[in-house]
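Chains as they are written, first to last, in the working numbering: chain A, 1368 to 1626; chain B, 117 to 429; chain C, 515 to 796. Idealized CB from N, CA, C, for every residue including glycine. Here's the structure we're looking at; comments come further down.
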Amino acid sequence: MTSAVSQLSVRDLLRSFGGIIAVNNISFDLAAGHITGLIGPNGAGKTTVFNLLAGSLVPDSGTVQFEGQPINGLSASTIARRGIARCFQSATVFRNVTVREHIVRAGYLKAIGRPVDLLRRRRLADHKKAARDRAEELLDFLDLRHAADRDAATLAYGHQKILGVGMALATQPRLLLADEPAAGLNPVETTEMTELLRRVRYDRGIDILLVEHDLRLVMKLCDRIIALNAGAVIADGPPDVVRNDEAFITAYLGADHAS
Amino acid sequence: MIRRWSFVFSVATLIGYLLIPLLINQIFYTHLAILIGIHAILAVSVYLMLKIGQLSLAQAGFMGIGAYASALLTRDAGVPFELAFFLAGAIPALIAGVVGPLLMRTKGVHFVLLTFAFGEVIVLIFVEWTSLFGGNNGISAIPPASILGLQLIAPSSFLILTAILLSIILLCCHVAFAGDLGVVVEGLERNEALQSSLGVNALAYRCLIFSGSAFIAGLSGSLYAHYLSFISPEAFGFWTTVNALILNVIGGAQFLMGPFLGALLLAPLPEIFREWVHYQRVLYGVALLLLMRGLPQGFLGLILSRLGGRGNR
Amino acid sequence: MLVQTLVIAATSSAYMMLLALGFTLIFGLMRIVNFAHGEFVMLGAYAVYVLTVPCGLNYFVAIPLAGLFAGLCGVVAERLIFRPFLGDELGAMITSLALAIILQGAVMIVFTVDQLSVPRPISGVLHFGSIYLPNDQIFVAGSSFLVVIAFHFLVHHTRLGLALRAVAQDTEIARAYGMAPSVILPLAFGIGCVLAGLAGALTVPLYAVNPFMGEAALLKAFIVVVLGGLGSLPGAMIAAVILGTTDAVISVWFSATMATLVSFVLVVIILIVKPSGLWGRA
């Protein structure tokens, strides 16, 4: 896990909700070049960590640095423009809009991130042009070309999630935060999603941090795993190490048995 | 297809709105048309907020700020109407721009409650600051509107001003929402978290819309003040905003023409059936209830669905 | 002066509690922002007027009847009007506006827009040495606190209260207690309206009755509930005390309008620091 520059550096991150500490002084570093899995039983604080990293929540204390720059406390949109993209469970935002147009819009929305940007017509036109070119290339990468002209709302659930990844990629991130990419997918779709994420990492060089319940997928896909329980890191390392980690086994299996 | 039809329908309605009273040429109908226009403009300001999925109950307060600003500037400060009219929009827009980032930190129910309280505070200030705003007696002897030295004393000339203004506002909104702003605004209403993760500063855009809606509400206030030549605080209370909301719901809050259509249907009623005002309130309420239950897209939604299209945004 | 201010503060806090508890109960359970809440206060006030002036009933008998009447109207409103809008906050809000308009209009038709007043059943002042306390205010403060205590008992020490609190968390849990939401929700709405009706009934002799009196009551309930955290009962109680006291102190030393302005500013500042209110859930 050692690398000269850590891409994402989390220090003493703390966040509580009305007296309940959801994330308790978590620290970790992500080196460039990995797919990292964030796992843990329900209520372990995974989603809260995600929301803190993506700027949807503001930490009570602690720092987050991305490529050497502090990003804690910045708004979600600013963090997105800094190069961290997040893909959501469902990505169909616009009514009566095709799959292609969804990807195009995802690609140029950051060019109109603030209202004043609407006035810079020439810059926006350039961004739109670039977003269109990128969308064509992404349609092939995502294997969604056959559905490019369909209304995105009519896509099957599995394809909607792939579109979600595609829209995140359209923003040209350097780190992708994937929120339960396989949740609700059948085994075939899960394999497709796993393959897609692998290609995102190895063909495009985009690092991935993912939260996922499907442990098999996590063990197969990730080259590093951070296990959380009750808001704290209990195990951290390559899948083989974490799999056999004492604390991890008790927390996970214990919690599973309890529920 | 539907889009073209609705455009033709919109233009025809606007032209009819202006021409029919002018052709009938009776002061009463002109008066009705002017009231419809003023209500419709306020309703459009409510519509803008509904467009981003928020309900603001401060809109009548902004209308009041526009009305008082325009009245005082023309009457006491000798500012020409054209400039005062612009300031009647700009001042509430500025106030909305300042309080917006504070109020807009909340959404949904909390935002509704805060704007309700904010609107009440605006009216309270009009009532209490008697030296400037004249208290409950309000302000009278407001000079009539005048454009380039031409005084719009005749109701028909004021109607032309109202109709032109309404058309410009509707056209501006249409153009703005047809373009990139529309893309952002639709995303804000549907899935703000995702929109933010794509790099859009949601708060800034919501404040922009809030400010814009205050601008439009202020313009309607200026028209109101110069048409009646008298204003008092109670005209800008909570219920005025609620009426504007009702115009939206009845006309069809999904459509830009909805508020105008609602105003066409409802704004004349209190003037036509003066003795029946109390019954009308009950009728309004019942109509609103039934529409919420049976016709959530309003009458325009009904018409469009009869024309064979889905409720096209 | 200090003791007088304290009595005014207590009266005003107790009144605000009555207004806010019902409002926040209804929101907490059904996510309905009831814009007609002030109109239920008005119903309570008009009920007292009808029962005492034309019917000649004793004022103290009329108070609970007025509360019951408002509560009954609430149950009917929940069943007939609000039921389809469970889970649709904006829809329920607009529906409650419609209800407010209907109630106002109905009252205007029956009673006209004129101010009505109920003769003061309590007069005189208590005085301890140099301190004078008006009896009617003491009565309002005292009975409001009694109602609040009774409500507190209902919520925390009865099966119904347990079910109410369970519904606020999760309708499935409530079912497990053997109470269907279809019974609990109208009941809760009714209880909220009883509190509103009592607020109106108790203060009738202090203020005049008119069809527009609901708006001021609504504004008070709003400010308290927003400060305390929407849907939080303890939040509403504490916020009522905070706002009731500031309101009383500023009204006594400056003016009532100043008091409203200050409480609004106070609420905005707190919401900027903590958007969900003092006791609200995030």
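{"Asked": "Whole-angstrom Cβ separation of Lys1413 (chain A) and Gly1407 (chain A), contact assumed at under 8 Å?", "Found": "5 Å"}
{"Asked": "If you measure from the beta carbon of Leu314 (chain B) to each beta carbon in chain A, is any gap under 7 Å?", "Found": "yes"}
{"Asked": "Taking the alpha helix (DSSP H) that Cys1454 (chain A) falls in, what are its first and last residues?", "Found": "First-last for Cys1454 (chain A): Ile1451 to Cys1454, but that is the beta strand (DSSP E), not the alpha helix (DSSP H)."}
{"Asked": "According to DSSP, what are the bridge partners of Asp1396 (chain A)?", "Found": "A:Ser1376"}
{"Asked": "Output needed in chain order: residues of the region 589 to 601 of chain C with a Cβ under 9 Å from some Cβ in chain B.", "Found": "Ile595, Pro598 and Phe599"}
{"Asked": "Mind checking who Asp1574 (chain A) pairs with in its DSSP beta bridge?", "Found": "A:Leu1542"}
{"Asked": "Check for me: the alpha helix (DSSP H) holding Ile663 (chain C) runs from which residue to which?", "Found": "Asn649 to His671"}
{"Asked": "Hey, is Ala320 (chain B)'s beta-carbon within less than 7 Å of any beta-carbon in chain A?", "Found": "yes"}
{"Asked": "Do the region 1475 to 1490 of chain A and the region 1517 to 1529 of chain A touch if we need at least three Cβ pairs shorter than 8 Å?", "Found": "no"}
{"Asked": "Report the CB separation of Ala174 (chain B) from Ile737 (chain C) in whole angstroms; it is logged as a contact under 8 Å.", "Found": "Wrong, their Cβ atoms sit about 15 Å apart, outside the cutoff."}
{"Asked": "Between the region 1463 to 1484 of chain A and chain B, which residues of the former have a C-beta closer than 7 Å to a C-beta of the latter?", "Found": "Arg1472, Ala1473, Leu1476, Lys1477, Ile1479, Gly1480, Arg1481 and Pro1482"}
{"Asked": "What are the residues in the region 735 to 757 of chain C lying within 9 Å of chain B by C-beta distance?", "Found": "Phe736, Ile737, Val739, Val740 and Leu744"}
{"Asked": "Quick one: is Lys1496 (chain A) buried, meaning 16 or more other Cβ sit within 10 Å of its Cβ, or exposed?", "Found": "exposed"}
{"Asked": "Please report how far the alpha carbon of Leu406 (chain B) lies from the alpha carbon of Pro598 (chain C), in whole angstroms.", "Found": "12 Å"}
{"Asked": "The beta strand (DSSP E) that contains Ile347 (chain B), what's its start and end?", "Found": "First-last for Ile347 (chain B): undefined, no H or E at that position."}
{"Asked": "Residue ranges of each alpha helix (DSSP H) run of no fewer than 4 residues wholly in the region 178 to 236 of chain B, ordered along the chain?", "Found": "197 to 219"}
{"Asked": "When the Cα of Leu1491 (chain A) is compared with those of A:Ala1478, A:Gln1539 and A:Asp1603, which residue comes out closest?", "Found": "A:Ala1478"}
{"Asked": "Quick one: complete alpha helix (DSSP H) runs, 4+ long, within the region 598 to 626 of chain C?", "Found": "603 to 625"}
{"Asked": "How long is the line joining the alpha carbons of Gly1551 (chain A) and Ser312 (chain B), rounded to whole angstroms?", "Found": "24 Å"}
{"Asked": "Go to Asp1603 (chain A), then tell me how far its alpha helix (DSSP H) extends in each direction, as first and last residue.", "Found": "No alpha helix (DSSP H) contains Asp1603 (chain A), which is instead part of the beta strand (DSSP E) from Ala1599 to Gly1604."}
{"Asked": "Going by C-alpha distance, which of B:Ser186, B:Leu135 and B:Asn364 is nearest Gly334 (chain B)?", "Found": "B:Ser186"}
{"Asked": "At least one CB of chain A closer than 7 Å to the CB of Val299 (chain B): is that the case?", "Found": "yes"}
{"Asked": "Let's test the definition: count the other Cβ atoms within 10 Å of the Cβ of Ala226 (chain B) and tell me whether it reaches 16, buried, or not, exposed.", "Found": "According to the sequence as given, residue 226 (chain B) is His; it is not Ala. His226 (chain B) should be labelled buried."}
{"Asked": "Taking C-beta pairs closer than 8 Å, name the residues in chain C that Thr222 (chain B) reaches, listed in chain order.", "Found": "Leu785 and Pro789"}
{"Asked": "Suppose you measure from the CA of Asp1507 (chain A) to the CA of Leu1397 (chain A); what does that come to, to the nearest Å?", "Found": "29 Å"}
{"Asked": "When you compare each of C:Leu699, C:Leu720 and C:Leu532 to Val589 (chain C) by their alpha carbons, which one comes out closest?", "Found": "C:Leu699"}
{"Asked": "Classify Ser1626 (chain A) as helix, strand or coil using the three-state DSSP reduction.", "Found": "Because Ser1626 (chain A) carries a pLDDT of 38, less than 50, the predicted location of this residue cannot be relied on, and the following value inherits that uncertainty. Correct three-state label for Ser1626 (chain A): coil."}
{"Asked": "Can you name the residues of chain F whose CB is closer than 8 Å to the CB of Ala309 (chain B)?", "Found": "Of the protein chains in this structure, namely A, B and C, none is chain F."}
{"Asked": "In this structure, how does DSSP classify Arg1490 (chain A) when only helix, strand and coil are distinguished?", "Found": "helix"}
{"Asked": "Taking the CB atoms as reference points, tell me whether Gly619 (chain C) and His394 (chain B) lie closer together than 7 Å.", "Found": "yes"}
{"Asked": "Against chain B, which members of the region 1526 to 1543 of chain A pass a CB distance test of less than 9 Å?", "Found": "Gly1531, Met1534, Ala1535, Ala1537 and Thr1538"}
{"Asked": "Using 8 Å for Cβ pairs, my map puts Ser1444 (chain A) next to Asn317 (chain B). What's the rounded Cβ distance?", "Found": "4 Å"}
{"Asked": "With distances taken from CA atoms, which of C:Gly749, C:Ile752 and C:Leu775 is nearest Asp761 (chain C)?", "Found": "C:Leu775"}
{"Asked": "Is there a C-beta anywhere in chain A that falls below 7 Å from the one on Ile119 (chain B)?", "Found": "What sits at residue 119 (chain B) in the sequence shown is Arg, not Ile. Closer than 7 Å: no."}
{"Asked": "Taking the straight line between their C-alpha atoms, what separation do you get for Lys1528 (chain A) and Met1560 (chain A)?", "Found": "9 Å"}
{"Asked": "Checking 7 Å against the spacing of the C-beta atoms, do Ser790 (chain C) and Gly743 (chain C) come in under that value?", "Found": "yes"}
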